[in-house]
Amino acid sequence: MGTGGFFAWYSYIAPLITDVAKHPEEMVSFAMILAGLGMVIGNFLGAKLAEKLSPIYAVIVILSAMVVCLSLNTIFASDKIMVLVMTFIIGAVTFCLSTPIQVAIINASEGSETLGSSLNQSAFNIGNASGAYFAGLPIAMGYGYTSADWVGAAMAASGVCIAFLIIMLRKYQRKNLKYNN
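For the sequence shown, this note's numbering gives the first residue as 4, with consecutive numbering after it.
Right, here's the structure in full:
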């Protein structure tokens, strides 16, 4: 769900830059470079965050930051400078997610780490397709390109909810394990 939130934004970044912020088309390439630089930095930051927090808590922090950033982007999208700043920030924040999710998947798939890793990549690709699809629905209905950011924020927020459910399920399982022993 979190990567779907990213792709809801990223899939429609070109019209956001040109139609909403009123940049010339040539600026889209520059925006892609900014997003890419943010993504590289985000990978390093995500690894550090996964070391400091448990991976699942790092995922919650990052997805929550995604919700905030994507929501703020709807406000700043028409500002020529801020849309570029947010492009870098959103790239950084969203790619912080890669390492903590990978570590969480590997930890959860004890004995089947390779399968867990491959399923993580599959989920990333499902997020790619679903984010673009769901973000395209309100755009097709005429709500404008910033509506994709709201869809992305909602998808990231649902990822936070799923992460909290995982934490609650783990606590419940531990509690029952102690009770049954």
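Built from N, CA and C at the ideal position, the CB exists for glycine as well.
(request) Would you decide whether L100 is buried or exposed? Buried here means 16 or more other CB atoms lie within 10 Å of its CB. (result) In the sequence shown, counting from the first residue as 1, residue 100 sits at position 97. By the 10 Å Cβ count, L100 comes out buried.
(request) Quick one: give me the first and last residue of the alpha helix (DSSP H) that T6 is part of. (result) Start at 1 with the first residue of the sequence shown, and residue 6 comes out as number 3. Segment 5-13, the alpha helix (DSSP H) holding T6.
(request) Measuring alpha carbon to alpha carbon, tell me which of R177, Y13, K181, Y175 ends up nearest F91. (result) If you number the sequence shown from 1, residue 91 lands on position 88. Considering only alpha carbons, the answer is Y13.
(request) Under 8 angstroms Cβ to Cβ from L37, same chain only, skipping five residues before and after it: list those, please. (result) Here residue 37 refers to the residue found at position 34 of the sequence shown. If we look at L37 and ignore the five residues flanking it on each side, its Cβ neighbours are L87, T90, F91, G94.
(request) Would you tell me roughly how many angstroms separate the C-alpha atoms of F33 and T97, rounded to the nearest one? (result) Walking along the sequence shown from the start, residue 33 turns up at place 30. Walking along the sequence shown from the start, residue 97 turns up at place 94. Those two C-alpha atoms are separated by around 19 angstroms.
(request) Return yes when at least one heavy atom of the ligand SAM lies under 7 angstroms from the C-beta of W12, else no. (result) Looking for the ligand SAM in the displayed structure turns up nothing, as the structure carries no ligands at all.
(request) Give the secondary structure of P27 by DSSP, where H, G and I count as helix, E and B as strand, and everything else as coil. (result) Residue numbering aside, residue 27 sits at position 24 when the sequence shown is read from its first letter. Three-state DSSP puts P27 in coil, outside helix and strand.
(request) Report the rounded CA-to-CA distance for M158 versus V70, giving the unit in angstroms. (result) Taking the sequence shown and counting its residues from 1, one reaches residue 158 at position 155. Taking the sequence shown and counting its residues from 1, one reaches residue 70 at position 67. For M158 and V70, the distance between alpha carbons rounds to 8 angstroms.
(request) Please state if the CB of S125 and the CB of I108 are separated by a distance shorter than 8 angstroms. (result) For the purposes of this step, residue 108 is identified with residue 105 of the sequence shown, where counting begins at 1. For the purposes of this step, residue 125 is identified with residue 122 of the sequence shown, where counting begins at 1. In this structure, S125 does not lie closer than 8 angstroms to I108 by Cβ.
(request) Determine the direct distance from the alpha carbon of L48 to that of T102, and round the result to whole angstroms. (result) Residue numbering aside, residue 102 sits at position 99 when the sequence shown is read from its first letter. Residue numbering aside, residue 48 sits at position 45 when the sequence shown is read from its first letter. Using only the alpha carbons, I get a separation of about 9 angstroms.
(message) For a quick check, are the C-beta atoms of M4 and G130 less than 8 angstroms apart?
(response) The sequence position of residue 4 within the sequence shown is 1, counting from 1. The sequence position of residue 130 within the sequence shown is 127, counting from 1. Against a cut-off of 8 angstroms, the Cβ pair of G130 and M4 comes out as a contact.
(request) Report all residues from its chain with a CB closer than 6 angstroms to the CB of A135; omit the five preceding and five following residues, and keep chain order. (result) Within the sequence shown, the letter at position 132 stands for residue 135. Here the set comprises F10, S14.
(request) Assign V23 to one of two classes, buried (16 or more other C-beta atoms within 10 Å of its C-beta) or exposed (fewer than that). (result) Numbered from 1 along the sequence shown, position 20 holds the residue referred to as residue 23. Only buried fits V23, as 16 or more other CB atoms lie within 10 angstroms of its CB.
(request) Taking only the alpha-carbon atoms, compute the straight-line gap between E54 and M42 and give it to the nearest angstrom. (result) Translated into the one-based positions of the sequence shown, residue 54 becomes position 51. Translated into the one-based positions of the sequence shown, residue 42 becomes position 39. Each residue's Cα considered, the two are about 18 angstroms apart.
(message) Quick check: what's the CA-CA separation for S115 versus N123?
(response) In the sequence shown, residue 115 corresponds to position 112, counting from 1. In the sequence shown, residue 123 corresponds to position 120, counting from 1. So the two alpha carbons sit approximately 12 angstroms from each other.
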